[in-house]
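Only one structure is covered here, and it is reproduced in the block below.
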Amino acid sequence: MSKHDYEHDYADFTSSPCYEPGDEVPSNTSKNPTFYEVVEARASRRTFVAGGLAAAITSMFGVGVSTRGALASSTAPSALLGFTPVPVSEDDAIHVPEGYDTHILARWGDPISGDMPAFHGTNTGEEQGHQVGQHHDGQHFFAIDGSSEDGIYALNHEYIEPRFLHAEAYKGMALSTDEVVVEADGTRIDDHVLKEMNAHGVAIFRTTKQEDGSWAIVADPRNRRVTGLTHMEIGGPARGHAKLVTKYSPDGTATRGTLNNCAHGVTPWNTYLTCEENWAGYFTNHDQADGRPNLPREHARYGVRAGRMSRYGWELAAGGADQYARFDASSKGASAAEDYRNEPNTFGWVVEIDPFDPAKAPVKRTHLGRFAHEGVVFHPAVAGKPVVCYSGDDARFEYVYKFVSRDVYEPGVSDGSMLDEGTLYVAKFNEDGTGEWLALAPGRNGLTAEAGFADMGDILINTRLAADMAGATKMDRPEWGAVDPATGEVYFTLTNNTRRTEAQVDAANPRAQNQFGQIIRWRENRDDPAATTFTWDLFVIAGDVNTSRTFTGHALNEDNIFACPDGLWFDADSRLWIQTDIGESAQNRGDMTPMGNNAMLAADPRTAEIRRFLTGPIGQEVTGVITTPDQRTMFVGIQHPGATTTPEDHAAGNLVSHWPDGGNAVPRSALVVVTRRDGGIIGA
Ligand code: FEO
Ligand code: CA
Ligand code: CA
Ligand code: CA
Numbered sequence: 009m010s011k012h013d014y015e016h017d018y019a020d021f022t023s024s025p026c027y028e029p030g031d032e033v034p035s036n037t038s039k040n041p042t043f044y045e046v047v048e049a050r051a052s053r054r055t056f057v058a059g060g061l062a063a064a065i066t067s068m069f070g071v072g073v074s075t076r077g078a079l080a081s082s083t084a085p086s087a088l089l090g091f092t093p094v095p096v097s098e099d100d101a102i103h104v105p106e107g108y109d110t111h112i113l114a115r116w117g118d119p120i121s122g123d124m125p126a127f128h129g130t131n132t133g134e135e136q137g138h139q140v141g142q143h144h145d146g147q148h149f150f151a152i153d154g155s156s157e158d159g160i161y162a163l164n165h166e167y168i169e170p171r172f173l174h175a176e177a178y179k180g181m182a183l184s185t186d187e188v189v190v191e192a193d194g195t196r197i198d199d200h201v202l203k204e205m206n207a208h209g210v211a212i213f214r215t216t217k218q219e220d221g222s223w224a225i226v227a228d229p230r231n232r233r234v235t236g237l238t239h240m241e242i243g244g245p246a247r248g249h250a251k252l253v254t255k256y257s258p259d260g261t262a263t264r265g266t267l268n269n270c271a272h273g274v275t276p277w278n279t280y281l282t283c284e285e286n287w288a289g290y291f292t293n294h295d296q297a298d299g300r301p302n303l304p305r306e307h308a309r310y311g312v313r314a315g316r317m318s319r320y321g322w323e324l325a326a327g328g329a330d331q332y333a334r335f336d337a338s339s340k341g342a343s344a345a346e347d348y349r350n351e352p353n354t355f356g357w358v359v360e361i362d363p364f365d366p367a368k369a370p371v372k373r374t375h376l377g378r379f380a381h382e383g384v385v386f387h388p389a390v391a392g393k394p395v396v397c398y399s400g401d402d403a404r405f406e407y408v409y410k411f412v413s414r415d416v417y418e419p420g421v422s423d424g425s426m427l428d429e430g431t432l433y434v435a436k437f438n439e440d441g442t443g444e445w446l447a448l449a450p451g452r453n454g455l456t457a458e459a460g461f462a463d464m465g466d467i468l469i470n471t472r473l474a475a476d477m478a479g480a481t482k483m484d485r486p487e488w489g490a491v492d493p494a495t496g497e498v499y500f501t502l503t504n505n506t507r508r509t510e511a512q513v514d515a516a517n518p519r520a521q522n523q524f525g526q527i528i529r530w531r532e533n534r535d536d537p538a539a540t541t542f543t544w545d546l547f548v549i550a551g552d553v554n555t556s557r558t559f560t561g562h563a564l565n566e567d568n569i570f571a572c573p574d575g576l577w578f579d580a581d582s583r584l585w586i587q588t589d590i591g592e593s594a595q596n597r598g599d600m601t602p603m604g605n606n607a608m609l610a611a612d613p614r615t616a617e618i619r620r621f622l623t624g625p626i627g628q629e630v631t632g633v634i635t636t637p638d639q640r641t642m643f644v645g646i647q648h649p650g651a652t653t654t655p656e657d658h659a660a661g662n663l664v665s666h667w668p669d670g671g672n673a674v675p676r677s678a679l680v681v682v683t684r685r686d687g688g689i690i691g692a
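Residue numbers (the working numbering): 9 to 692.
This is how it looks when you write it as structure tokens:
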């Protein structure tokens with residue numbers, strides 16, 4: 009990748025090849041410095057000039073991470089990883105290690121509910137509402153009675169690829185991966201909008217192991233789709249807030265739908281959390297003052313579109329139905345109760361769903377903050393102690409957050425209301441390897457009414473601005489987190505940030521124009537998850553053989569080079585599973601060429617040994633992973649195969665991927681089921 013490919017070289021960052029569809033507009037204009045930039049930037053600038061990136065990294069490790077004291081470490085060879093690594097791949101196929109098998113489950117369009125409508129290229133919007141959605145992401149296997157052969161599966165659908173969703177209607181058109189067709193009269197076809205909204209959200213379905221060893225979707229009264237239209241309650245301190253008042257909910261206690269459901273979480277009381285990530289672009293606001301866009305801070309700090317069509321133009325639906333018109337958040341009525349000026353404020357939350365009770369409305373848990381939530385990950389809950397979880401805000405220069413409940417965990421008694429009272433914190437990573445959790449609450453860290461934060465609800469609706477005020481560390485796009493069950497150490501992927509300049513580097517985000525990403529980890533003070541201080545280091549700085557380093561000081565090699573870590577999960581044995589998301593525009597090009605297609609690797613957190621376990625088909629990212637309780641079956645999410653098809657190739661019918669159905673089929677996101685021929689534990 010030449011330097012001209014970096015986004016900051018483009019006046020409009022969306023025209024950079026690094027731009028991914030749906031990426032949030034960088035909206036952190038706070039003067040908040042990135043921490044300790046002076047010391048670190050000076051060091052790195054010198055070494056960048058003297059010896060390039062590798063020397064700069066060596067220098068940083070020399071004075072930084074290794075002497076800070078790595079967290080978990082061991083010199084013994086890994087006993088955790090027992091498979092032979094797979095090579096990088098550019099194939100339109102799944103590859104796993106020798107001795108492993110895969111098969112496909114839950115493709116976009118597979119029926120789960122209603123009269124089980126079969127998948128075809130002209131499915132209606134209503135039919136899509138009874139099928140698996142598009143663009144699989146966070147997911148969990150909820151075992152039924154502890155079974156490893158029977159469970160309720162919860163699966164996020166992050167976004168859509170309109171040209172594949174409407175494959176028949178859009179055939180032969182030169183369309184990019186994110187593009188919808190607006191009719192000549194400026195409207196969108198109602199049923200297309202319905203189908204798009206029903207392809208978002210969450211699919212919940214029963215899946216069981218069949219006699220031949222394969223897994224299948226099974227009809228069950230608990231199967232349901234949660235979509236962009238489902239009625240949802242609002243919980244926590246922002247419930248009933250004046251800024252959540254809409255025509256749909258004049259008392260500010262409810263909304264419709266969840267969107268851009270990225271990663272997920274599983275609560276200690278066994279419910280599913282789905283996280284709203286790049287939701288802001290789904291809304292537009294045409295309000296103006298003095299001839300210029302005039303967006304409230306609740307919109308502007310998140311990147312709600314000003315004066316142009318929303319991401320998919322749902323507000324343009326021809327029939328003008330309320331459920332679609334609400335995506336225009338302009339002030340149209342006499343008050344907030346008569347329009348949808350506050351509709352975007354009902355998005356950006358973590359949503360709790362009970363996978364076992366379809367009658368229960370999902371609840372947006374506002375005390376976990378409002379931002380581009382990637383996922384949420386809990387410390388293992390301990391009876392008599394508060395519940396603690398973490399969530400990253402995946403946008404350039406945004407933050408990592410932690411929530412500590414007010415009440416203590418009572419097994420069998422605690423429920424989602426635990427997430428409605430507590431303290432939300434944001435992370436500050438100091439240069440010396442220590443860190444602090446800064447409380448976001450009235451009167452704390454400058455969050456006063458005089459400073460513009462009227463109450464707790466206001467702080468939560470404006471979480472990013474509150475974190476700016478508190479002085480949090482601007483990170484390289486925090487994605488998934490994972491907690492090591494053996495040590496309680498917390499790992500987070502920082503996927504990349506090509507807009508970070510040399511003047512903005514800090515110890516936790518040590519590279520300018522960071523195209524490869526890193527994985528950071530921390531240990532709470534006294535191993536108390538509720539502590540307000542911690543120590544941290546970098547587990548691995550990703551990249552090729554010349555630009556990477558693990559905390560043990562070793563470079564990655566052909567068995568494990570990777571870039572853009574995103575999905576992250578610890579299995580019960582403390583194997584760390586790492587999934588990659590190199591953007592569509594960068595895959596198999598320039599500096600990313602050696603990485604091949606996006607992949608999944610497994611790591612030993614104590615030795616930093618890492619091995620590539622799975623490579624995916626063309627154009628996709630690997631995202632979402634879970635095993636059955638016995639660890640003998642693994643489910644892996646494959647999202648957006650074929651997304652690297654150019655508009656011209658789409659017009660000509662030359663799709664770069666036909667995975668998983670083969671032939672000339674339209675590519676479909678799907679789950680890959682991984683088993684071992686000897687029936688052993690996956691990865692061991
Ligand atoms: Fe949806 Fe940040 O990945
Ligand atoms: Ca992700
Ligand atoms: Ca992605
Ligand atoms: Ca990503």
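Note that beta-carbon positions come from the ideal geometry of N, C-alpha and C, so glycine has one too.
Expressed to the nearest angstrom, what Euclidean distance is found between the alpha-carbon atoms of R519 and L432?
If you number the sequence shown from 1, residue 519 lands on position 511. If you number the sequence shown from 1, residue 432 lands on position 424. Rounded to whole angstroms, R519 to L432 spans 29 Å at the Cα level.
What three-state label does DSSP hand G133 in the structure shown?
Position 125 of the sequence shown, counting from 1, holds the residue named residue 133. In the three-state reduction of the DSSP assignment, G133 falls in the helix class, which pools H, G and I.
Go ahead and pull the three-state DSSP assignment for S425.
Indexing the sequence shown from 1 puts residue 425 at position 417. Here S425 sits in helix by DSSP.
Does DSSP classify M317 as helix, strand or coil?
If you number the sequence shown from 1, residue 317 lands on position 309. Correct three-state label for M317: coil.
Using a Cβ-Cβ cut-off of 8 Å (strictly less than) and excluding sequence neighbours within five positions of V96, which residues of its own chain qualify?
On the sequence shown, residue 96 is found 88 positions in, with the first residue counted as 1. Excluding sequence neighbours, V96 sits near E566, I569, P602, M603, G604, N605, A607, R620, T623.
Spatial neighbours of A58 within its chain, please: CB distance less than 6 Å, with the 5 preceding and 5 following residues excluded, ordered by chain position.
The count along the sequence shown starts at 1 and reaches residue 58 at position 50. With a pLDDT of 29 at A58, under the threshold of 50, the predicted position of this residue should be treated as unreliable, and no value is reported.
Alpha carbon of T238 to alpha carbon of L88, nearest angstrom:
Residue 238 sits at position 230 when you count from the first residue of the sequence shown. Residue 88 sits at position 80 when you count from the first residue of the sequence shown. Roughly 42 Å separates the two Cα atoms.
Going by C-alpha to C-alpha distance, which of L173, V274, S156 sits closest to T216?
On the sequence shown, position 208 is the one that residue 216 refers to. For T216, the closest of L173, V274, S156 by C-alpha to C-alpha distance is S156.
Measuring CB atoms only, is the segment 295-315 touching the segment 161-178, in the sense that at least three cross pairs come out at less than 8 Å?
With the cut-off at 8 Å, the segment 295-315 and the segment 161-178 do not touch.
Short Cβ contact (8 Å threshold) for D545 with F559:
For this step, residue 545 is matched to residue 537 along the sequence shown. For this step, residue 559 is matched to residue 551 along the sequence shown. Yes, the Cβ-Cβ distance between D545 and F559 is below 8 Å.
F542 vs T481 beta-carbon contact at 8 Å:
By one-based count along the sequence shown, residue 542 stands at place 534. By one-based count along the sequence shown, residue 481 stands at place 473. Contact check for F542 against T481 fails: the beta carbons are separated by 8 Å or more.
Nearest to Q331 by alpha carbon, out of F213, E351, Q136, A678?
Looking up residue 331 in the sequence shown gives position 323. Shortest Cα-Cα distance from Q331 to any of F213, E351, Q136, A678 involves E351.
CA-to-CA distance, Q139 to L113, given in whole angstroms:
As a working mapping, residue 113 is identified with position 105 in the sequence shown. As a working mapping, residue 139 is identified with position 131 in the sequence shown. Approximately 13 Å between the Cα atoms of the pair.
Beta-carbon contacts of G341 that lie in its chain and below 6 Å, excluding the five residues immediately before and after
Here residue 341 refers to the residue found at position 333 of the sequence shown. Short of 6 Å from the beta carbon of G341, and not among the five residues preceding or following it, lie these beta carbons of its own chain, in chain order: D347.
Helix or strand or just coil, what does DSSP make of M240?
Working through the sequence shown from its first residue, we reach residue 240 at position 232. Here M240 sits in strand by DSSP.
Straight-line Cα distance separating R309 from S35
Reading the sequence shown from its first residue, position 27 is the one you call residue 35. Reading the sequence shown from its first residue, position 301 is the one you call residue 309. So the alpha carbons of these two residues sit roughly 5 Å apart.
For K372, is the classification buried or exposed, using 16 other Cβ atoms within 10 angstroms of its Cβ as the cut-off for buried?
For the purposes of this step, residue 372 is identified with residue 364 of the sequence shown, where counting begins at 1. Under a 10 Å Cβ-count criterion, K372 is classified as buried, with 16 or more other Cβ atoms of the shown protein chains found around its own Cβ.
From H375, P258, V513, pick the residue whose C-alpha is nearest to that of N522; which is it?
One-based indexing of the sequence shown puts residue 522 at position 514. Nearest of H375, P258, V513 to N522, Cα basis: V513.
Give me the Cα-Cα distance between G90 and T195, rounded to the nearest whole angstrom.
On the sequence shown, position 82 is the one that residue 90 refers to. On the sequence shown, position 187 is the one that residue 195 refers to. For G90 and T195, the distance between alpha carbons rounds to 56 Å.
What is the DSSP secondary structure of W530, counted as helix, strand or coil?
By 1-based counting over the sequence shown, the position of residue 530 is 522. In the structure shown, the three-state DSSP call for W530 is strand.
Is the closest heavy atom of ligand 6 to the C-beta of E629 under 7 Å?
Within the structure as shown, ligand 6 is missing, the only ligands being ligand 1, ligand 2, ligand 3 and ligand 4.
Nearer than 7 Å: is that true of the beta carbon of D589 relative to any heavy atom of ligand 4?
Looking up residue 589 in the sequence shown gives position 581. Indeed, a heavy atom of ligand 4 lies less than 7 Å from the Cβ.
Alpha carbon to alpha carbon, how far is D228 from S121?
For the purposes of this step, residue 228 is taken as the residue at position 220 of the sequence shown. For the purposes of this step, residue 121 is taken as the residue at position 113 of the sequence shown. If I take the Cα positions, the gap works out to 8 Å.
Can you say whether K179 is buried or exposed, counting buried as having 16 or more other CB atoms within 10 angstroms of its CB?
As a position in the sequence shown, residue 179 is number 171, starting the count at 1. Counting Cβ neighbours within 10 Å, K179 comes out exposed, since fewer than 16 surround it.
Tell me which same chain residues have a C-beta within less than 6 Å of the C-beta of F213, skipping the five on either side of it?
Counting from 1 along the sequence shown, the entry for residue 213 is found at position 205. The beta carbon of F213 sits closer than 6 Å to the beta carbons of I120, Y161, I225, N231 from its chain, once the five residues preceding and following it are set aside; these are given in chain order.
Given 8 Å, three or more beta-carbon pairs between the segment 130-146 and the segment 321-339:
Touching, no, given that fewer than three Cβ pairs across the two stretches are closer than 8 Å.
In terms of residue numbering, what span does the alpha helix (DSSP H) encompassing Y290 cover?
Taking the sequence shown and counting its residues from 1, the one referred to as residue 290 is at position 282. Note, Y290: premise wrong, no alpha helix (DSSP H); not H, not E.
So, with DSSP's three-state summary, where would you put V46?
Position 38 of the sequence shown, counting from 1, holds the residue named residue 46. With a pLDDT of 30 at V46, under the threshold of 50, the predicted position of this residue should be treated as unreliable, though the coordinate-derived value follows. The answer is helix: DSSP assigns V46 an H, G or I state.
Can you give me the Cβ contacts of S665 inside the same chain, cut-off strictly under 6 Å, excluding the 5 residues immediately before and after it?
Stepping through the sequence shown from its first residue, residue 665 is reached at position 657. Within the same chain, Cβ atoms closer than 6 Å to the Cβ of S665 are found at D100, P625, I626, G627, P649, G650, P675, the five residues on either side in sequence being excluded.
Residues bridged to G443 [DSSP beta-bridge criterion]:
As a position in the sequence shown, residue 443 is number 435, starting the count at 1. In the DSSP secondary-structure assignment, G443 is bridged to F437, F542.
From V644, R414, G691, residue whose alpha carbon lies closest to that of S677:
The residue labelled residue 677 in the question sits at position 669 within the sequence shown. It is V644 whose Cα lies nearest to the Cα of S677.
Under a Cβ-count criterion, where at least 16 other Cβ atoms within 10 Å of its own Cβ denotes burial, should M205 be classed as buried or exposed?
Position 197 of the sequence shown, counted from the first residue, corresponds to residue 205. Burial check for M205: the Cβ neighbour count within 10 Å reaches 16 or more, so the residue is buried.
Segment contact flag, the segment 245-259 with the segment 141-148, C-beta cutoff 8 Å, min 3 pairs
Between the segment 245-259 and the segment 141-148 there are fewer than three inter-stretch CB-CB distances shorter than 8 Å, so the stretches are not counted as touching.
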